[in-house]
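Structure record follows, encoded as structure tokens.
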Amino acid sequence: MFLKNGDWKMSKNGAEDTLEAPTVQVLTISNVPSDILEAIDELAAGQDRSRSSFVRRELQRIVAEYRARIALLGPTSRN
Numbered sequence: 006m007f008l009k010n011g012d013w014k015m016s017k018n019g020a021e022d023t024l025e026a027p028t029v030q031v032l033t034i035s036n037v038p039s040d041i042l043e044a045i046d047e048l049a050a051g052q053d054r055s056r057s058s059f060v061r062r063e064l065q066r067i068v069a070e071y072r073a074r075i076a077l078l079g080p081t082s083r084n
């Protein structure tokens, strides 16, 4: 069972605390180097797709692979 944001947890010293949301870095076009964007554009063009469509599909593939690996590990290996 995974803890969710706001759930109670025990810290190292045994004190109870709430679980905070993890820090997330938002990836935007403005902070991606131009050579990376050019490479993505070339890959997308090879599949006759837009940049956003290509990136969306690749992210979906990566998440699906990750979920499949987690499912294979079983519930005891996740904690």
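The numbering of the sequence shown is the working numbering, which starts it at 6 and goes up by one. By construction, the Cβ of each residue, glycine as well, lies at the ideal position given by its N, Cα and C atoms.
Rounded distance between the beta-carbons of residue j and residue i, thought under 8 Å
i          : j          : result
residue 56 : residue 46 : 6 Å
Proximity of residue i and residue j at Cβ, strictly below 8 Å
i          : j          : result
residue 59 : residue 44 : no
Neighbour-count burial assignment, residue i, 16 or more Cβ in a 10 Å radius
i         : result
residue 6 : The predicted position of residue 6 is uncertain, since its pLDDT is 44 and thus under 50; a value taken from the coordinates is nonetheless stated next. Residue 6 comes out exposed.
CB contact check: residue i to chain C, cutoff 8 Å
i          : result
residue 51 : Checking the listed chains, one finds no chain C in this structure; it contains a single protein chain.
*Please go through the stretch 30-61 and give each complete alpha helix (DSSP H) segment of 4 or more residues, from N-terminal end onward.*
39-51
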